[in-house]
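Student:
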Amino acid sequence: MTKVLGTIIIARSGDRTHFWQDPRSYRGDITETSALGVSESYQLGQLVRDIYLNPSSSSYINGMRADVVDNREIKVRVKAGAEGTVNKIELANDTTVTAPLGGYQYVPVETVEPVNDRSLESWTDCPNFEKHVAQFYSSSEFKKKEKEAEPFFRAVKDYVFGRSLTLQNAHNIYDYMQTGLTYNKTYAHRLPPKMIEQARHWANFHENGVFSDEQPSGIGNIAGRTMLHTILTALERVAFNDDPLQFMLVETSYHPFISFFHEVEPTLHSALAIELRRGPAPDLRDFLRFKFKNGTSSDFKTLYVYGHHADIPLTEFIYKSKDGAITSNRQWSEVCGRRRLIGAEMLESPQNRAVFGFALAVVSLLGLFVMTRFVKKIRSARRLRLQGEETHINPIAKPVEKVEIRTV
């Protein structure tokens, strides 16, 4: 049996309020997590703890303790933001959901500002990506689907209340309908059967076309390419015996998932686990095992990459994927066709924020541990600016403090 040396979790955020995105630039409006979303993140954290921090589990991370958090061993990255203020909510199906652990507000762990680090939001403010979106909209395939979708958009008119009834706006329509179906009892009782499935179908087509590319290193895959740099850097750290990092959690949106899996439409709170395993004797190489779960109701299932039908050697994965990774803000600017580097001229706009970020990462970790005390330094770390020059993405900044946490 192979031994797990470390794990990287790429998790999609939990449920939230309606999130509007510009169909061409993909700049987003403000959104907040709901108590349901926080609970989903907590459930994922509990599952991850059972799999990777339980010594009796076959996937236990060798050497990690379940009762003490060492910030040198665990890393959490998430786009800057805040969780919603409502800790209890009644769903459309009459279920009342209360946020876990009494429903209190959560402290941030490590936040990533898109204004100086594009690793978690690389598709906005990117001229070449906007050109890619425009080319997709003008393609013969898209125009054909527009014709096919016309009956749906005529039928859905009375349920989206003045929103643009076009295939370009398909994801916003689906997001609005899904949010209403989840949280609005009147809307849920009024929406005809099978209409949400049709909306999801057209949204899937739209997003898969936008966040994919014929070439692995194409601009359509920019969301996955910046995420890939974070993954590769973490894997190299875990594999290096003198580096204490063993577990990393990244909370992100659905966009990188589509770049990674063009044929998988992730539901809310999907997760990708990348396990670094030591090969069985006499093979002393390190291997990677990929596992994916689609939503809170499914289990992790093993995936295979680059044509392998078993775990892939770490060195081979790095060799095959490193050329597609975007490793710095300078490279991101070049790929996007920007004239000036990010950070030199950009100021973050409130409308570019999605305020569900850091809370979800913390809640996922709270599923692993319940906090009893923090070192005083955390009070001054409410908004972290990444170390190093702004021309680098800096996927992982090595922590120095240690926090003891007691389990429930």
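In short: position in the sequence shown from 1, add 1, done, that's our numbering.
Note that CB positions come from ideal geometry on N, CA and C, so glycine has one too.
On a predicted model such as this, the values are computed, not experimentally measured, just so you know.
Take P257 as the anchor and find which of W203, N209, T234, D23 has the nearest alpha-carbon.
Tutor: Walking along the sequence shown from the start, residue 257 turns up at place 256. Nearest of W203, N209, T234, D23 to P257, Cα basis: N209.
Student: Starting from A150, follow its DSSP beta bridges and name the residues at the other end.
Tutor: As a first step, residue 150 must be located in the sequence shown, where it is residue number 149. Per DSSP, none; premise fails for A150.
Student: Would DSSP call I327 helix, strand or coil?
Tutor: For the purposes of this step, residue 327 is identified with residue 326 of the sequence shown, where counting begins at 1. It is coil, neither helix nor strand.
Student: Using three-state DSSP, classify M65 as helix, strand or coil.
Tutor: Counted from its first residue, the sequence shown places residue 65 at position 64. If DSSP states are grouped into helix, strand and coil, M65 belongs with coil.
Student: Between D287 and L273, is the Cβ-Cβ spacing less than 9 Å?
Tutor: Here residue 287 corresponds to residue number 286 of the sequence shown, with the count starting at 1. Here residue 273 corresponds to residue number 272 of the sequence shown, with the count starting at 1. For D287 and L273, no; Cβs fall outside 9 Å.
Student: Is DSSP giving P128 helix, strand or coil here?
Tutor: In the sequence shown, counting from the first residue as 1, residue 128 sits at position 127. Reduced to three states, the DSSP call for P128 is helix.
Student: Just mark Y43 as buried or exposed, buried being the case when its beta carbon has 16 or more other beta carbons within 10 Å.
Tutor: As a first step, residue 43 is located in the sequence shown; it is residue number 42 there, counting from the start. Under this definition Y43 is a buried residue.
Student: Exposed or buried, what is E335 when buried is set at 16 or more other beta-carbons lying within 10 Å of its beta-carbon?
Tutor: Taking the sequence shown and counting its residues from 1, the one referred to as residue 335 is at position 334. The residue in question, E335, is exposed, as its Cβ has fewer than 16 Cβ neighbours within 10 Å.
Student: For a quick check, are the C-beta atoms of E74 and P314 less than 9 Å apart?
Tutor: Locating residue 74 in the sequence shown gives position 73, where the first residue counts as 1. Locating residue 314 in the sequence shown gives position 313, where the first residue counts as 1. In this structure, P314 does not lie closer than 9 Å to E74 by Cβ.
Student: Whole angstroms is fine: what's the gap from S322's alpha carbon to E147's?
Tutor: Locating residue 322 in the sequence shown gives position 321, counting from the first residue. Locating residue 147 in the sequence shown gives position 146, counting from the first residue. Each residue's alpha carbon lies about 35 Å from the other.
Student: So, for S213: in the same chain, excluding its five sequence neighbours on each side, which residues have a beta-carbon less than 8 Å away from its beta-carbon?
Tutor: Position 212 of the sequence shown, counted from the start, is the residue given in the question as residue 213. Contacts found: G221, N222, I259, S260, H263.
Student: Which runs of the beta strand (DSSP E), 3 residues or longer, sit entirely within the segment 208-287?
Tutor: With a minimum length of 3 residues, the continuous beta strand (DSSP E) runs that stay inside the segment 208-287 are 248-253, 272-279.
Student: Using DSSP bridges, identify the partner residues of R191.
Tutor: Mapped onto the sequence shown, residue 191 falls at position 190. In DSSP, R191 forms no bridge with anything.
Student: With H, G and I counted as helix, E and B as strand and the rest as coil, what does DSSP make of L6?
Tutor: For the purposes of this step, residue 6 is identified with residue 5 of the sequence shown, where counting begins at 1. Three-state result, L6: strand.
Student: For F137, name the three-state secondary structure that DSSP assigns.
Tutor: Within the sequence shown, residue 137 is the residue found at index 136, counting from 1. In this structure, F137 counts as helix in the three-state DSSP scheme.
Student: Could you give the distance in angstroms between the alpha-carbon of L289 and the alpha-carbon of D312?
Tutor: As a working note, residue 289 is residue 288 in the sequence shown. As a working note, residue 312 is residue 311 in the sequence shown. Approximately 5 Å, taken between the alpha carbons.
Student: Would you report the Cα separation of G78 and C127, rounded to the nearest angstrom?
Tutor: As a working note, residue 78 is residue 77 in the sequence shown. As a working note, residue 127 is residue 126 in the sequence shown. In the sequence on display, residue 78 carries Arg and not Gly. Each residue's Cα considered, the two are about 22 Å apart.
Student: Assuming Q179 and Y138 are in contact, meaning their beta carbons sit under 8 Å apart, how far apart are those beta carbons, in whole angstroms?
Tutor: As a first step, residue 179 must be located in the sequence shown, where it is residue number 178. As a first step, residue 138 must be located in the sequence shown, where it is residue number 137. Not a contact, Cβ separation roughly 23 Å.
Student: Out of curiosity, what's the CA-to-CA distance linking V371 and I62?
Tutor: On the sequence shown, residue 371 is found 370 positions in, with the first residue counted as 1. On the sequence shown, residue 62 is found 61 positions in, with the first residue counted as 1. Here the model assigns V371 a pLDDT of 38, short of 50, so the residue's position is not dependable and the matter cannot be decided.
Student: Using 10 angstroms around the beta-carbon of P115, count the other beta-carbons present and answer buried if the total reaches 16, otherwise exposed.
Tutor: Indexing the sequence shown from 1 puts residue 115 at position 114. Buried is the call here.
Student: Tell me, please, which residues DSSP counts as bridged to P314.
Tutor: Locating residue 314 in the sequence shown gives position 313, counting from the first residue. P314 is bridged to F288.
Student: For T167, name the three-state secondary structure that DSSP assigns.
Tutor: Numbered from 1 along the sequence shown, position 166 holds the residue referred to as residue 167. Reduced to three states, the DSSP call for T167 is coil.
Student: What do you get for S254, buried or exposed, if any count of 16 or more other CB atoms within 10 angstroms of its CB means buried?
Tutor: The count along the sequence shown starts at 1 and reaches residue 254 at position 253. Per the 10 Å Cβ criterion, buried.
Student: Does DSSP put F143 in a helix, in a strand, or in coil?
Tutor: As a working note, residue 143 is residue 142 in the sequence shown. Correct three-state label for F143: helix.
Student: Whole-angstrom Cβ separation of H172 and H202, contact assumed at under 8 Å?
Tutor: Your numbering for residue 172 matches position 171 in the sequence shown. Your numbering for residue 202 matches position 201 in the sequence shown. H172 to H202, Cβ: 12 Å. No contact.
Student: Using the C-alpha atoms, what's the distance from G219 back to H310?
Tutor: Against the sequence shown, residue 310 aligns to sequence position 309. Against the sequence shown, residue 219 aligns to sequence position 218. Rounded to the nearest angstrom, the two C-alpha atoms are 26 Å apart.
Student: Give the DSSP-derived three-state secondary structure of L417 in the structure shown.
Tutor: Residue 417 lies beyond the stretch modelled for the chain, which goes from 2 to 409, so this question has no answer here.
Student: I'd like to confirm the pairing. Which residues does DSSP put opposite A12 in its beta bridges?
Tutor: Walking along the sequence shown from the start, residue 12 turns up at place 11. Paired residue(s): E252, A272.
Student: With DSSP run on the structure shown, which of helix, strand or coil describes F293?
Tutor: Translated into positions along the sequence shown, residue 293 becomes position 292. Strand at F293.
Student: With DSSP as the reference, identify every bridge partner of K76, one or two as the case may be.
Tutor: As a working note, residue 76 is residue 75 in the sequence shown. Note: K76 sits in a beta bridge opposite M249.
Student: Would Q216 be called buried (16 or more neighbouring beta carbons within 10 Å of its own) or exposed?
Tutor: For the purposes of this step, residue 216 is taken as the residue at position 215 of the sequence shown. Label assigned to Q216: exposed.
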